[in-house]
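Written below as structure tokens is the structure these notes are about.
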Amino acid sequence: MLRFQSAIQKATKPSRRFFHSTSPSLDKLNVEGLAKKVDLKGQNVLVRVDLNVPLGKDDVTVTDDTRLRAVVPTTKFLLDQGANVILCSHFGRPKGEIIETGKNGRLNPVVKPLEELLGAKVTKLSDCMGADVEDATSKLTESEVMLLENTRFYAGETKNDDELSEGLGKLADYFVMDAFGTAHRAHSSTQGVTKHMELSAAGYLLDKELKYLQGAVDNPEKPMMAIVGGAKVSTKIPVIESLLEKCDTILIGGGMIFTFYKALGYDIGASLVEDDLVQTAADLMKKAEEMGVKVLLPSDVVLADKFDNDANTAVAKVNEISGDWMGLDIGPDTLDEFKSEIDECKTIVWNGPMGVFEMSHFADGTNAVAQMLADATEKRGATTIVGGGDSVAAVNQAGLGSKVSHISTGGGASLELLEGKTLPGVAALSEA
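Counting in this note's numbering, the sequence shown runs from 21 upward without gaps.
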């Protein structure tokens with residue numbers, strides 16, 4: 021196992037800064053708190069959700085309803101309070117154009133699946149602001165569900181345009197933010213709209229994300245570990261730097277390892293590398309050593325002679341890579357070493373796959389780490405958090421989604437929260 025500690029340094033760790041203060045985000049009003057402050061019976065509540073689901077080739081069939089199921093708890097709670105729920109969401113990236121069908125089009129494909137999940141009629145409107153929308157929402161009586169049209173049909177949505185924010189604000193007196201995946205964006209429907217509401221609260225999904233991701237990172241049960249993977253160092257530098265301040269151990273996998281290997285002077289063959297970040301990788305290793313943080317790289321990798329699932333493969337130590345061979349997964353020795361480290365930790369955050377898991381011959385490393393986290397949760401009661409689209413997909417693909425403590429629904433939002441950034445969609449909510 022390669023260590024960023026003068027390779028084999030075992031010196032006593034110097035003291036370092038930890039973050040144990042209660043996060044301000046956790047002091048925000050949640051949907052149950054809203055119901056205690058206000059009698060919601062007959063009131064309109066605008067709920068920002070994430071209905072950005074994948075569609076089949078027919079541009080109609082929802083192929084993964086994970087995000088739709090995530091809408092249910094908050095919506096049903098509000099309906100039980102007698103509130104009228106007005107759902108709003110973006111869908112794809114229409115960039116201000118009205119597109120009838122497809123992944124950037126109207127939200128029509130989600131109506132029937134939502135009705136089945138909620139057990140209630142969902143009335144779909146053809147716009148998300150304006151006189152007709154205001155008229156329709158004003159006629160809601162009690163425990164009704166209405167769905168607004170794709171908010172990104174307005175170019176101002178992503179610019180936090182106040183005209184759209186005000187237009188949405190005319191539809192309800194209360195706002196619930198339950199789209200964690202867009203909480204890192206200061207958009208009209210995530211942040212701007214709160215300026216036009218009496219009270220704004222976090223829904224169940226957002227509240228859970230904050231408690232797990234921010235709560236566990238700010239005040240974790242120690243020892244704490246982060247497992248960071250993915251193809252590129254460039255997308256993970258800020259989160260690695262932030263995690264150095266908080267973790268006892270960091271395991272690194274995925275294609276990004278070869279930029280670190282090049283910084284260590286190894287031949288990496290034809291493996292993926294970001295040459296402009298080799299010095300950055302070296303700086304991270306030095307910083308980890310100075311802080312006394314154990315950061316571990318794989319000791320062996322699975323090589324391929326081409327980027328193809330049917331490529332010829334070989335397992336090699338990391339100092340034995342050469343020629344046209346490229347590394348596409350972590351090796352078996354590394355998995356044993358990673359397991360030993362994982363077994364010692366009580367809080368584990370994972371972001372990014374260990375290899376090209378989309379190809380079955382190079383998915384073993386990612387699947388094995390997913391199983392290790394599931395075992396740590398079930399057998400030791402460790403808190404295990406999986407964030408980031410690819411690692412979430414990998415855990416679900418392995419059938420282990422229900423076996424870890426928490427799967428984050430937000431890729432970019434998860435990373436920014438781990439980096440210690442304030443999420444605009446959370447900061448704008450009312451205080452508890």
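Here a beta-carbon is modelled for each residue, glycine too, at the ideal position from N, C-alpha and C. Note that the structure is predicted; figures quoted are calculated from it, not measured.
_Taking the straight line between their C-alpha atoms, what separation do you get for residue 455 and residue 386?_
One cannot answer for residue 455 here, as it falls past the ends of the chain, which runs 21 to 452.
*asked:* Can you give me the C-alpha to C-alpha distance between residue 344 and residue 337, rounded to a whole angstrom?
replied: Your numbering for residue 344 matches position 324 in the sequence shown. Your numbering for residue 337 matches position 317 in the sequence shown. Cα-Cα distance, rounded: 16 Å.
*On the three-pair Cβ rule with 8 Å, is the segment 81–101 touching the segment 192–200?*
yes
*Any idea what DSSP makes of residue 295, helix, strand or coil?*
Looking up residue 295 in the sequence shown gives position 275. Correct three-state label for residue 295: helix.
*Roughly how many angstroms separate the alpha carbons of residue 447 and residue 433, rounded to a whole number?*
Working through the sequence shown from its first residue, we reach residue 447 at position 427. Working through the sequence shown from its first residue, we reach residue 433 at position 413. Their backbone Cα atoms lie some 13 Å apart in a straight line.
*Of the choices 110, 180, 106, 264, whose alpha-carbon is the least far from that of residue 160?*
Here residue 160 corresponds to residue number 140 of the sequence shown, with the count starting at 1. The candidate whose alpha carbon is nearest that of residue 160 is 106.
*How would you label residue 80, buried or exposed, when you count the other beta carbons within 10 angstroms and need 16 or more for buried?*
Position 60 of the sequence shown holds residue 80. Exposed, by the Cβ-count rule.
*Looking at residue 341 and residue 286, is the spacing between their C-beta atoms short of 8 Å?*
If you number the sequence shown from 1, residue 286 lands on position 266. If you number the sequence shown from 1, residue 341 lands on position 321. Yes, they are a contact pair.
*For chain D, find out if any of its Cβ atoms is closer than 8 Å to the Cβ of residue 282; answer yes or no.*
Among the chains of the structure shown, chain D does not appear; only one protein chain is present.
*asked:* Between which two residues does the beta strand (DSSP E) holding residue 257 run?
replied: Against the sequence shown, residue 257 aligns to sequence position 237. Residue 257 -> not in any beta strand (DSSP E); alpha helix (DSSP H) instead, spanning 257–264.
*Unbroken beta strand (DSSP E) runs of length 3 or more, entirely within the segment 64–122: which are they?*
64–68, 104–108
*What are the boundary residues of the alpha helix (DSSP H) that residue 235 is part of?*
As a first step, residue 235 must be located in the sequence shown, where it is residue number 215. Here the alpha helix (DSSP H) through residue 235 covers 235–238.
*Kindly give me the distance between the Cβ atoms of residue 259 and residue 248, rounded to whole angstroms, as I take these residues to be in contact under 8 Å.*
Taking the first residue of the sequence shown as 1, we reach residue 259 at position 239. Taking the first residue of the sequence shown as 1, we reach residue 248 at position 228. Correct: roughly 7 Å between the Cβ atoms.
_Count Cβ pairs between the segment 55–69 and the segment 104–119 that sit closer than 8 Å; are there 3 or more?_
yes
_Using the three-state DSSP reduction, which class does residue 374 fall into: helix, strand or coil?_
Against the sequence shown, residue 374 aligns to sequence position 354. Three-state DSSP puts residue 374 in coil, outside helix and strand.
*asked:* Which residue wins for smallest C-alpha separation from residue 376, given the options 302, 176, 330, 359?
replied: Start at 1 with the first residue of the sequence shown, and residue 376 comes out as number 356. It is 330.
*With burial defined as no fewer than 16 other Cβ atoms inside 10 Å of the residue's Cβ, what is the status of residue 442: buried or exposed?*
Counting from 1 along the sequence shown, the entry for residue 442 is found at position 422. Exposed, because fewer than 16 other Cβ atoms sit within 10 Å of the Cβ of residue 442.
*Run through DSSP, which three-state label would residue 212 get?*
Reading the sequence shown from its first residue, position 192 is the one you call residue 212. Note: residue 212 maps to helix in three-state DSSP.
*Between which two residues does the beta strand (DSSP E) harbouring residue 247 extend?*
For the purposes of this step, residue 247 is identified with residue 227 of the sequence shown, where counting begins at 1. Taken as a continuous stretch (DSSP letters only), the beta strand (DSSP E) holding residue 247 covers 244–248.
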